[in-house]
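Below: one structure, written as structure tokens.
2 protein chains.
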Amino acid sequence: MIKLKGKQANTLKATCPIPIEDYPQVLMAHGGGGKLMRNLISTMFTPTFDNNLLNSEHDGAVFQFGDTRLAFTTDSYVVNPIFFAGGDIGSLAVHGTVNDLAMCGARPVYLSLGLILEEGFPMEDLWRVTQSIQQATQNAHVQVVTGDTKVVDHGKGDGIYINTAGIGIIEHQQTIAPSQIQPDDVIIISGDVGRHGIALMAQREGLEFETTIQSDSACVSGLVQDLLNANITIHCLRDLTRGGLASALVELAETAQHHIAIEEVKIPVQDGVRGACEILGFDPIYVANEGRFIAIVPPDDADQALNILRKHPNGADATIIGCVLDAKRGHVTMRNVLGTSRMIDMLSGEQLPRIC
Amino acid sequence: MIKLKGKQANTLKATCPIPIEDYPQVLMAHGGGGKLMRNLISTMFTPTFDNNLLNSEHDGAVFQFGDTRLAFTTDSYVVNPIFFAGGDIGSLAVHGTVNDLAMCGARPVYLSLGLILEEGFPMEDLWRVTQSIQQATQNAHVQVVTGDTKVVDHGKGDGIYINTAGIGIIEHQQTIAPSQIQPDDVIIISGDVGRHGIALMAQREGLEFETTIQSDSACVSGLVQDLLNANITIHCLRDLTRGGLASALVELAETAQHHIAIEEVKIPVQDGVRGACEILGFDPIYVANEGRFIAIVPPDDADQALNILRKHPNGADATIIGCVLDAKRGHVTMRNVLGTSRMIDMLSGEQLPRIC
Numbered sequence: 070m071i072k073l074k075g076k077q078a079n080t081l082k083a084t085c086p087i088p089i090e091d092y093p094q095v096l097m098a099h100g101g102g103g104k105l106m107r108n109l110i111s112t113m114f115t116p117t118f119d120n121n122l123l124n125s126e127h128d129g130a131v132f133q134f135g136d137t138r139l140a141f142t143t144d145s146y147v148v149n150p151i152f153f154a155g156g157d158i159g160s161l162a163v164h165g166t167v168n169d170l171a172m173c174g175a176r177p178v179y180l181s182l183g184l185i186l187e188e189g190f191p192m193e194d195l196w197r198v199t200q201s202i203q204q205a206t207q208n209a210h211v212q213v214v215t216g217d218t219k220v221v222d223h224g225k226g227d228g229i230y231i232n233t234a235g236i237g238i239i240e241h242q243q244t245i246a247p248s249q250i251q252p253d254d255v256i257i258i259s260g261d262v263g264r265h266g267i268a269l270m271a272q273r274e275g276l277e278f279e280t281t282i283q284s285d286s287a288c289v290s291g292l293v294q295d296l297l298n299a300n301i302t303i304h305c306l307r308d309l310t311r312g313g314l315a316s317a318l319v320e321l322a323e324t325a326q327h328h329i330a331i332e333e334v335k336i337p338v339q340d341g342v343r344g345a346c347e348i349l350g351f352d353p354i355y356v357a358n359e360g361r362f363i364a365i366v367p368p369d370d371a372d373q374a375l376n377i378l379r380k381h382p383n384g385a386d387a388t389i390i391g392c393v394l395d396a397k398r399g400h401v402t403m404r405n406v407l408g409t410s411r412m413i414d415m416l417s418g419e420q421l422p423r424i425c
Numbered sequence: 070m071i072k073l074k075g076k077q078a079n080t081l082k083a084t085c086p087i088p089i090e091d092y093p094q095v096l097m098a099h100g101g102g103g104k105l106m107r108n109l110i111s112t113m114f115t116p117t118f119d120n121n122l123l124n125s126e127h128d129g130a131v132f133q134f135g136d137t138r139l140a141f142t143t144d145s146y147v148v149n150p151i152f153f154a155g156g157d158i159g160s161l162a163v164h165g166t167v168n169d170l171a172m173c174g175a176r177p178v179y180l181s182l183g184l185i186l187e188e189g190f191p192m193e194d195l196w197r198v199t200q201s202i203q204q205a206t207q208n209a210h211v212q213v214v215t216g217d218t219k220v221v222d223h224g225k226g227d228g229i230y231i232n233t234a235g236i237g238i239i240e241h242q243q244t245i246a247p248s249q250i251q252p253d254d255v256i257i258i259s260g261d262v263g264r265h266g267i268a269l270m271a272q273r274e275g276l277e278f279e280t281t282i283q284s285d286s287a288c289v290s291g292l293v294q295d296l297l298n299a300n301i302t303i304h305c306l307r308d309l310t311r312g313g314l315a316s317a318l319v320e321l322a323e324t325a326q327h328h329i330a331i332e333e334v335k336i337p338v339q340d341g342v343r344g345a346c347e348i349l350g351f352d353p354i355y356v357a358n359e360g361r362f363i364a365i366v367p368p369d370d371a372d373q374a375l376n377i378l379r380k381h382p383n384g385a386d387a388t389i390i391g392c393v394l395d396a397k398r399g400h401v402t403m404r405n406v407l408g409t410s411r412m413i414d415m416l417s418g419e420q421l422p423r424i425c
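Chains L and E, in that order, give the protein sequences. Residues 70 to 425, numbered by my numbering, are exactly what the first sequence covers, in order. Residues 70 to 425, numbered by my numbering, are exactly what the second sequence covers, in order.
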């Protein structure tokens with residue numbers, strides 16, 4: 070290991086934007102999708118790599134080459150366990166990245182595939198994951214066109230980690246981004262929330278419920294394409310992964326500097342998920358999903374958008390859950406069944422580690 | 070863990086293209102850049118994801134959107150140690166991916182950055198790596214435009230793993246690919262070989278040599294741009310990473326189905342590297358580099374190409390090391406100082422694990 074000499078090390082420490090006395094080491098929560106992660110990204114990464122594309126705080130970067138507008142995104146997948154009810158790390162690695170492209174309003178086209186395998190990982194499991202990736206890419210109409218395989222020593226990984234990066238093409242003239250969110254916009258959710266996180270938690274902890282809770286892991290690109298093909302005006306799209314619905318809404322409200330108001334009773338939650346959340350002490354709006362998103366659309370387009378989503382098997386439970394209000398600063402409130410509203414905050418720590 | 074039932078599991082096992090009785094588990098060598106890795110890729114991944122872009126066996130995928138030709142590539146970096154003489158995992162993650170784009174004849178433009186951090190990783194090291202990435206992107210004229218951060222439990226990683234994917238633009242009409250290699254082509258190497266692997270090995274094993282051997286980790290995109298700007302015809306480019314010069318040549322010879330003949334005395338090797346290789350029992354042509362490549366050009370362009378490369382600080386030792394001969398099947402031979410030729414094979418096992 071190359072050690073820095075005294076003065077050099079002190080200078081480095083002094084310039085670190087995360088106070089090292091408070092956070093000498095990376096915590097699980099720095100990858101949890103909540104406040105600590107957002108803080109790490111916004112103080113360390115965004116200012117260091119400072120550029121307009123990264124600064125847009127979108128699910129991916131959108132740029133133009135010649136006449137072509139493209140979206141580009143990446144995600145690493147470290148989910149544990151790798152095989153779970155409703156999916157596995159392979160299909161998840163396709164869905165997650167394809168969905169991020171869809172959230173940019175792009176039609177996903179190409180994926181890269183980076184595998185980090187741990188020495189000793191069963192070859193049969195690698196084959197199973199490979200086939201799952203292939204099946205998911207076929208369903209999502211994307212191709213794996215480039216890849217990389219690394220192997221790390223036994224004990225230095227956890228079976229398999231996958232990175233996918235994706236390129237999608239934007240075939241319309243709309244700008245779909247947090248900056249487009251306006252007062253009076255309507256918030257539509259594409260389906261029920263909380264299944265992915267609870268399915269993983271149940272499996273990890275060996276919890277058994279009356280019916281097995283299945284992850285919602287799915288490609289949502291088709292739903293977005295249907296909206297675009299019907300010329301629905303879309304102001305913003307966001308998938309509800311780490312940190313769940315709540316964290317996604319807070320992030321958008323803060324970026325757009327508007328007030329997002331939602332109603333708790335409108336949020337679809339399966340009975341099994343609600344029950345599990347009560348037992349485990351979770352709030353379903355903070356639990357991760359891998360096949361759900363919100364569409365923020367102008368009021369005139371809301372009903373048609375809802376009808377289009379509901380026609381899709383993966384959007385059958387789509388619902389309007391709230392709207393955007395004018396405000397001096399970005400925040401989110403949720404009205405409960407009794408009519409009282411409360412502020413919704415981002416996940417602060419780490420609720421369910423390694424769910425994606 | 071979701072377990073497959075008897076029949077389902079047997080079917081899966083039966084279809085696995087890697088014989089599970091021979092390789093029940095992933096070995097370090099499956100990521101080593103040699104025969105086992107090539108076999109894993111060519112039997113499991115390429116046929117499963119079967120498409121023309123992946124099948125081209127290039128350093129990246131080349132495709133067209135509208136009038137624009139782009140290259141797309143990915144690599145994960147698991148190098149150990151993460152700080153080494155001449156670089157670190159951050160700069161390496163930029164150089165490696167930028168170089169892969171350059172090998173496709175593309176000008177690198179955008180990078181994605183996926184971090185997999187281990188819980189407990191020092192925040193100061195993360196900052197140091199972040200700054201190194203930034204410095205390397207600036208030197209390579211690329212931007213990090215999208216990213217992702219995951220944290221895994223302590224003991225399930227090794228400090229930090231990085232994935233970068235890259236997009237580059239192809240601004241010329243040439244097709245630069247293994248399929249373009251022709252008899253009579255000249256093989257030019259951009260500089261001395263073996264420094265990256267030996268620098269890492271020395272550090273890992275605590276070996277001390279008279280002078281510290283520095284990794285050659287560097288961006289080679291400028292050299293390729295200089296060749297293209299001078300209208301040099303380039304048939305193929307390949308960087309000499311895992312598996313070194315030998316494995317790269319064998320891969321190209323087999324893909325192009327030609328005979329590549331090189332001369333041992335022509336291959337530049339620093340004295341320190343040669344000495345270290347003798348002590349450690351390595352052959353420098355199998356040792357990994359991270360700032361070296363070969364350019365395969367028609368004979369009429371060879372001298373001019375050589376002069377252009379030599380003008381660049383990173384190509385000062387560029388040399389012609391061999392040529393392409395007509396043959397019935399792809400293979401590589403190397404003539405030694407005594408004038409005898411021997412077949413050069415790919416690395417079969419794992420010489421130096423986790424060098425990138």
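Beta carbons: idealized from backbone N, C-alpha and C, even for Gly. Bear in mind the structure is a predicted one, so any value in this text is a computation, not a measurement.
Apart from sequence neighbours up to five positions away, the residues of its chain that approach E/A171 with a beta-carbon distance below 6 Å are V289, S290 and V293, ordered along the chain.
A Cβ of chain L is located within less than 8 Å of the beta carbon of E/S145. Counting only Cβ-Cβ distances below 8 Å, E/V163 has no contacts in chain L at all, with the closest Cβ about 11 Å away. Bounds of the beta strand (DSSP E) holding L/N232 are I229 to I239.
With respect to E/P337, E/D386 sits close: the two C-beta atoms are nearer than 8 Å. The three-state secondary structure of L/V178, taken from DSSP, is strand. In chain E, no part has a C-beta under 7 Å from the C-beta of L/G103; the shortest such distance is about 12 Å.
Relative to E/D128, the option among E/G312, E/L306 and E/Q243 whose CA is nearest is E/L306. What L/C85 touches in chain E, judged by beta-carbon distance under 8 Å, is M192, E193 and W196, going in chain order. In the three-state scheme derived from DSSP, where H, G and I count as helix and E and B as strand, E/T218 is classed as strand.
Within chain L, the residues T218 have their CB atoms less than 8 Å from the CB of E/M106, given in chain order. In this structure, the CA atom of L/I202 is about 17 Å from the CA atom of L/T142. Distance between L/L182 and E/N232, taken at the CA atoms: about 10 Å. Residues of chain E whose Cβ lies closer than 8 Å to the Cβ of L/H99 are, in chain order, L186, T218 and V220.
Annotated as proximal: L/C346 and L/D352, with beta-carbon spacing under 8 Å. Chain-ordered, the chain L residues with CB closer than 8 Å to the CB of E/I110 read G216 and T218. Within chain L, P191, M192 and E193 have C-beta atoms less than 9 Å from the C-beta of E/P93, given in sequence order.
With its beta carbon less than 8 Å from one in chain L, E/I238 belongs to the interface.
Under a 10 Å Cβ-count criterion, L/T84 is classified as exposed, with fewer than 16 other Cβ atoms of the shown protein chains found around its own Cβ.
If you draw a 10 Å sphere on the C-beta of E/N168, you find 16 or more other C-beta atoms in it, and that means buried. Counting of Cβ neighbours within 10 angstroms places E/N358 among the buried residues, the total reaching 16 or more.
Proximity of E/D285 to chain L, defined by a Cβ-Cβ separation below 8 Å, is not satisfied. Taking CB atoms only, E/F278 has no neighbour in chain L less than 8 Å away. Spanning the alpha carbons of E/R361 and E/T388 requires a straight line of approximately 12 Å. Under DSSP, the beta-bridge partners assigned to L/T388 are L/I258. The beta carbon of L/F362 sits no closer than 8 Å to any beta carbon of chain E. In the DSSP assignment, the residues bridged to E/Y146 are E/I231. Taking 8 Å as the cut-off, the beta carbon of L/Q243 is found no closer than this to the beta carbon of L/T324. Contacts between E/F351 and chain L, judged by CB atoms closer than 8 Å, are missing: the closest CB pair is about 20 Å apart. In chain order, L122, A130, F132 and F141 make up the part of chain E whose C-beta sits under 9 Å from the C-beta of L/Y179.
By the rule that beta-carbons nearer than 8 Å mark a contact, L/D227 touches chain E.
Counting other Cβ atoms within 10 Å of its Cβ, L/H223 stays below 16 and is therefore classed as exposed.
Per the C-alpha coordinates, the member of E/I256, E/G350 and E/V178 positioned closest to E/I363 is E/I256. The three-state secondary structure of E/V131, taken from DSSP, is strand. Distance from the Cα of L/G313 is smallest, within the candidate group L/T409, L/A299, L/M415 and L/H327, for L/M415.
By the Cβ criterion, the segment 203–222 of chain E is in contact with the segment 122–137 of chain L, since at least three pairs of Cβ atoms, one from each stretch, lie closer than 8 Å.
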